[in-house]
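Chains as they are written, first to last, in the numbering used here: chain A, 1 to 192; chain B, 1 to 534.
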Amino acid sequence: MKDNGSDNRKETLQLAGRLVLMACAMFGFGFLLVPLYDAFCEITGFGGRTNQAAAVIEERADASREIRIEFVTTVNEYAPFEFEAQLPGMTVHPGGMYEAIFMARNLADRDMIAQAVPSVAPAQAARYFKKLECFCFSQQEFGPGEEKDMPVRFIVDSELPDYIDTITLSYTFFDTARLSDNSSAARHGSKQ
Amino acid sequence: MTSAVIDAHLSEEHHGPAKGIRRWLYTTNHKDIGSMYLVFSLVMFLVGGSMALVIRSELFTPGLQFVDPAFFNQMTTMHALIMVFGAVMPAFVGLANWMVPLMIGAPDMALPRMNNWSFWILPVAFGMLGSTLFMDGGAPASGWTMYPPLVLQTGDAFPFLIFSVHLMGLSSIMGAINVIVTIINMRAPDMTLLKMPMFVWTWLITAYLLIAVMPVLAGAVTMLLTDQFFGTSFFLAAGGGDPVMFQHIFWFFGHPEVYIMILPAFGVVSEIIPTFSRKPLFGHDSMVYAASSIAFLSFIVWAHHMFTTGMPLTGQLFFMFATMLIAVPTGVKVFNWVGTMWRGAMTFETPMLFALAFVVLFTIGGFSGLMLAIAPADIQYHDSYFVVAHFHYVLVPGAVFGIMAGVYYWMPKWTGRMYDERLGQIHFWLSTIFVNLTFFPMHFVGLAGMPRRIPDYSTQFADFNSVASIGAIGYGVSQLLFVYIVVKCVRRQGETATDMVWDHPKGLEWTVPSPAPYHTFDTPPRVTEGATFH
Ligand SMILES: [Cu+2]
Numbered sequence: 001m002k003d004n005g006s007d008n009r010k011e012t013l014q015l016a017g018r019l020v021l022m023a024c025a026m027f028g029f030g031f032l033l034v035p036l037y038d039a040f041c042e043i044t045g046f047g048g049r050t051n052q053a054a055a056v057i058e059e060r061a062d063a064s065r066e067i068r069i070e071f072v073t074t075v076n077e078y079a080p081f082e083f084e085a086q087l088p089g090m091t092v093h094p095g096g097m098y099e100a101i102f103m104a105r106n107l108a109d110r111d112m113i114a115q116a117v118p119s120v121a122p123a124q125a126a127r128y129f130k131k132l133e134c135f136c137f138s139q140q141e142f143g144p145g146e147e148k149d150m151p152v153r154f155i156v157d158s159e160l161p162d163y164i165d166t167i168t169l170s171y172t173f174f175d176t177a178r179l180s181d182n183s184s185a186a187r188h189g190s191k192q
Numbered sequence: 001m002t003s004a005v006i007d008a009h010l011s012e013e014h015h016g017p018a019k020g021i022r023r024w025l026y027t028t029n030h031k032d033i034g035s036m037y038l039v040f041s042l043v044m045f046l047v048g049g050s051m052a053l054v055i056r057s058e059l060f061t062p063g064l065q066f067v068d069p070a071f072f073n074q075m076t077t078m079h080a081l082i083m084v085f086g087a088v089m090p091a092f093v094g095l096a097n098w099m100v101p102l103m104i105g106a107p108d109m110a111l112p113r114m115n116n117w118s119f120w121i122l123p124v125a126f127g128m129l130g131s132t133l134f135m136d137g138g139a140p141a142s143g144w145t146m147y148p149p150l151v152l153q154t155g156d157a158f159p160f161l162i163f164s165v166h167l168m169g170l171s172s173i174m175g176a177i178n179v180i181v182t183i184i185n186m187r188a189p190d191m192t193l194l195k196m197p198m199f200v201w202t203w204l205i206t207a208y209l210l211i212a213v214m215p216v217l218a219g220a221v222t223m224l225l226t227d228q229f230f231g232t233s234f235f236l237a238a239g240g241g242d243p244v245m246f247q248h249i250f251w252f253f254g255h256p257e258v259y260i261m262i263l264p265a266f267g268v269v270s271e272i273i274p275t276f277s278r279k280p281l282f283g284h285d286s287m288v289y290a291a292s293s294i295a296f297l298s299f300i301v302w303a304h305h306m307f308t309t310g311m312p313l314t315g316q317l318f319f320m321f322a323t324m325l326i327a328v329p330t331g332v333k334v335f336n337w338v339g340t341m342w343r344g345a346m347t348f349e350t351p352m353l354f355a356l357a358f359v360v361l362f363t364i365g366g367f368s369g370l371m372l373a374i375a376p377a378d379i380q381y382h383d384s385y386f387v388v389a390h391f392h393y394v395l396v397p398g399a400v401f402g403i404m405a406g407v408y409y410w411m412p413k414w415t416g417r418m419y420d421e422r423l424g425q426i427h428f429w430l431s432t433i434f435v436n437l438t439f440f441p442m443h444f445v446g447l448a449g450m451p452r453r454i455p456d457y458s459t460q461f462a463d464f465n466s467v468a469s470i471g472a473i474g475y476g477v478s479q480l481l482f483v484y485i486v487v488k489c490v491r492r493q494g495e496t497a498t499d500m501v502w503d504h505p506k507g508l509e510w511t512v513p514s515p516a517p518y519h520t521f522d523t524p525p526r527v528t529e530g531a532t533f534h
């Protein structure tokens, strides 16, 4: 356009600049989804996410109600571990405190670091399942061939909806040698 | 003939195209760049199509015959990446480059230098992606959705995959910025927004979608990259990340992406049906609102791809109903196309045939999409061949037929020659028959439980699979006829096209001579009463 060339040029560049900004903002938004998703999971228990730091809750057992807790253990991919729950499950009263023991053994003949990642099903139960102490709160170090008994202490909140009578607590055992210690710890820190 | 056209003739003598390869390397002319995009996308269409034929040959009978499973997975992944980012999207950008300035009376795109860049990034990106076929560990094989942790097992190809996706995204974003600025700032004075042709409208909306979601994809693949090489744990459960989160981010991009691939086709069809019905487009403004609502809704339905990941009931209900809501504006569009044809003096030249097949077959794809939207039923359909049938119906007789319709419709304007109508009709019928032969049986094997992305299958699926393979080979070979038709036109063989080409089509593009001169609308045209459809 020859008549009002310079004017038009300016508008063109301004609009293009705004659109570039918009694209950059959306690139940032992609990363913003990460903390948003974390917060969302934390609040709703979406994806079976449970507390990753010791919960504070008063013990007051409701003897009139029984909940079945099932334990599931998985060793991820090629992690050289044996990992099992001592008992397949237990029956608990909401509000009461219980302890379960998980056994892990390092099958390799070198030092290993492992991280257990918990998940609760059904997801609706996740935020009522409170862990007071758990081997999953931190990384576990193993000497060559070392075997460990690892406790988890928990309370099922008596607010648990009536329609839930069974909760499955699952742990996946990861070999974290791949992850640098710092970044992994930092990431766990950000979750709390 | 308007004065703009005469001006265009004069200026052509002053600065025509440069000669040889430098013309194409350095060109900033929207017509040159549009042609390059279209040729590039045709080449990618044939490359991606050959990969599809490798897949279909392997699936012709049960058991493993030609390729090993690892290579099969590389083929499905590369086929998808090439078709989505290399064939369909660049074809629409090519059509936009050629037609948007011609339709709104602009002399060129607003940012011609950037236009050149956004094209030339593409061959680099796909050269890089293609080179992974020869690397240790082969090409990416985790599916085009790149889900972790599987995608992190890709061999040497992994960083090349990520960077090529970055480049494709960059190219699309630059193209989109150019389209928006051109449409907003370069329209002829009387071309008000609501007078704009539907193709321009749908592209304006598509361009905004691109700017909104391509950066999100770039972010997602960047996270994959840092997870792999820089010790982050965005998606690694061991480090406190969550692989399901990738799916959320990916599909936040992925669902709008499917509308990026279909809205411009809606636009093309909305240009063609009025011309060959000899009636104005029925409900132009409602078409604009429908396209805008589709674009808006596309941002709040992404988790319908994830019903099987475990989701609270409220989430399932929300995503199910939001997805079904999209059927309403889409229904408005189909209704309006039919309304346009109603009592029109219809003729059935090749572009119209493709447009009509688009309306019918895209609607079939839309219906299977509705079935997939039903959360409880989706658990059965998920990751089965039913899904493959669904998205191929919306992408092949949907997006690809839309592109073909557009090419037949505007090619006489680009080349100055009529394509061979008889061959065009043959191409149409072969394509339509074979495309249905290929994809329709996939519905049945999918419902019966055949999973997608596998090189081998249970013998009960054998018959339908050989039918699909025969269809695919037929469809692939028919496209060579298309190449022949295009080459013939480009080499200036065939009848000379008139300036109007068709029977009094509306729109500014038909007011310039055929072939369209190198420079058009150096002075903005008058948008006279009756020049547009509204
Ligand atoms: Cu979707």
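We put the beta carbon where it would ideally sit given N, CA and C, even for glycine.
The Cβ-Cβ distance between A/I164 and A/A125 falls below 8 Å. When the beta-carbon positions are compared, B/E349 and B/F276 come within less than 8 Å of each other. Along the stretch 106-123 of chain A, the positions whose C-beta sits under 7 Å from a C-beta of chain B are Q115, V117 and A123, read in chain order.
Annotation for B/V301 indicates a beta carbon within 7 Å of some heavy atom of ligand 1. In terms of beta-carbon proximity, B/M245 lines the interface with chain A, with at least one pair separated by less than 8 Å.
Considering only beta carbons, the part of the stretch 88-121 of chain B lying closer than 9 Å to chain A consists of A106, P107, A110, L111 and M114, in chain order. Shown here, B/Q460 sits in a helix according to DSSP, grouped into three states.
With respect to the 8 Å criterion, B/W337 and B/V359 are classified as neighbours on the basis of their beta carbons. As the crow flies, the alpha-carbon of B/Q380 is around 25 Å from that of B/A52. Non-local beta-carbon contacts of B/D499 in its own chain, meaning distances under 6 Å to residues more than five positions away in sequence, involve P513 and S514 in chain order. Not a single heavy atom of ligand 1 lies less than 7 Å from the C-beta of B/H392.
In the displayed model, A/A79 falls within coil according to three-state DSSP, outside both helix and strand.
Short of 6 Å from the beta carbon of B/F66, and not among the five residues preceding or following it, lie these beta carbons of its own chain, in chain order: S57 and E58. Taken through DSSP and simplified to helix, strand or coil, A/N51 comes out as coil. Among the CB atoms of chain A, none fall inside 8 Å of the CB of B/G254. A straight line joining the alpha-carbon of B/H427 with that of B/A80 spans about 24 Å.
At a cut-off of 8 Å, the C-beta of A/M150 has no neighbouring C-beta in chain B.
Following the DSSP letters along the chain, one finds A/E159 in no alpha helix (DSSP H), marked with neither H nor E. Closer than 7 Å to some heavy atom of ligand 1: that describes the Cβ of B/H255. Contact annotation: A/F27 and B/P215 have beta-carbon atoms nearer than 8 Å. With a 10 Å radius around the Cβ and a threshold of 16 neighbouring Cβ atoms, B/F434 comes out buried. Sequence-distant partners of B/T77 (beyond 5 residues in either direction) whose C-beta falls short of 8 Å from its own C-beta, in its chain, are A139, P140, A141, S142, G143 and W144. Near chain A, meaning a CB-to-CB distance below 7 Å, the residues of the stretch 305-317 of chain B are G310 and P312. Counting only residues of its own chain and dropping the five nearest sequence neighbours on each side, B/N178 has a CB closer than 8 Å to the CB of M109, A110, L111, M114, N115 and S118. Short of 8 Å from the beta carbon of B/D32, and not among the five residues preceding or following it, lie these beta carbons of its own chain, in chain order: P17, R23 and W24. Contact between B/T61 and B/A462 is confirmed by a C-beta separation of about 6 Å, below the 8 Å threshold.
For A/I167, the enclosing beta strand (DSSP E) begins and ends at T166 to D175. At a cut-off of 8 Å between C-beta atoms, A/T73 does not count as an interface residue with respect to chain B.
Pairing B/K413 with B/E257 gives a Cβ-Cβ distance that is not under 8 Å. The way I'd put it, the stretch 446-464 of chain B doesn't touch the stretch 486-498 of chain B; fewer than three beta-carbon pairs between them come closer than 8 Å.
Rounded to the nearest angstrom, the gap between the Cα atoms of B/Y259 and B/A207 is 11 Å. The distance from the Cβ of B/L353 to that of B/Q425 is about 7 Å, consistent with a contact at the 8 Å cut-off. Across the structure, A/D175 and A/L87 are spaced so that their CA atoms are roughly 23 Å apart. Counted as a single uninterrupted DSSP element, the alpha helix (DSSP H) harbouring B/L204 occupies residues M198 to F229. Among the residues facing chain A, B/A357 is not included, as its CB has no counterpart in that chain under 8 Å away. Inclusion of B/D227 and B/L297 in the CB contact set at 8 Å is not warranted, their separation being larger than that value.
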